[in-house]
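Numbering (full-length UniProt numbering), first residue to last: 1 to 96.
What follows is one structure encoded as structure tokens, with my remarks underneath.
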């Protein structure tokens, strides 16, 4: 395969579902619905959807789980964190 063929490689929804969504019961249907809604990028040839390498990378990036707090930032912890409001009031008043 030369460089030009690698640039234009496309994948069927079945190929993408097999590689990216192996545990999903009906990955092709899931992909097709999101492509029809415009939530994912891809293109249609006739009645069949195709996805490029960039489309697949976009799918992975879009559904990646991201941490909301950087790892190097330590969150301040109160001695009352995790308590119910009633328990917090009791502790603040000096009880128990």
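Even for Gly, the Cβ is constructed at its ideal location relative to N, Cα and C.
If you're wondering where the values come from, they're calculated on a predicted model, not measured in any experiment.
For residue i: DSSP bridge partner residues
{"i": "residue 48", "result": "45"}
{"i": "residue 10", "result": "52"}
Presumed contact (8 angstroms Cβ cut-off) between residue i and residue j, rounded CB distance
{"i": "residue 16", "j": "residue 51", "result": "5 angstroms"}
{"i": "residue 80", "j": "residue 91", "result": "6 angstroms"}
{"i": "residue 44", "j": "residue 9", "result": "Not really, about 17 angstroms apart at Cβ, beyond 8 angstroms."}
Beta-carbon gap between residue i and residue j smaller than 9 angstroms
{"i": "residue 41", "j": "residue 13", "result": "no"}
Range of the contiguous alpha helix (DSSP H) that encloses residue i
{"i": "residue 36", "result": "27–37"}
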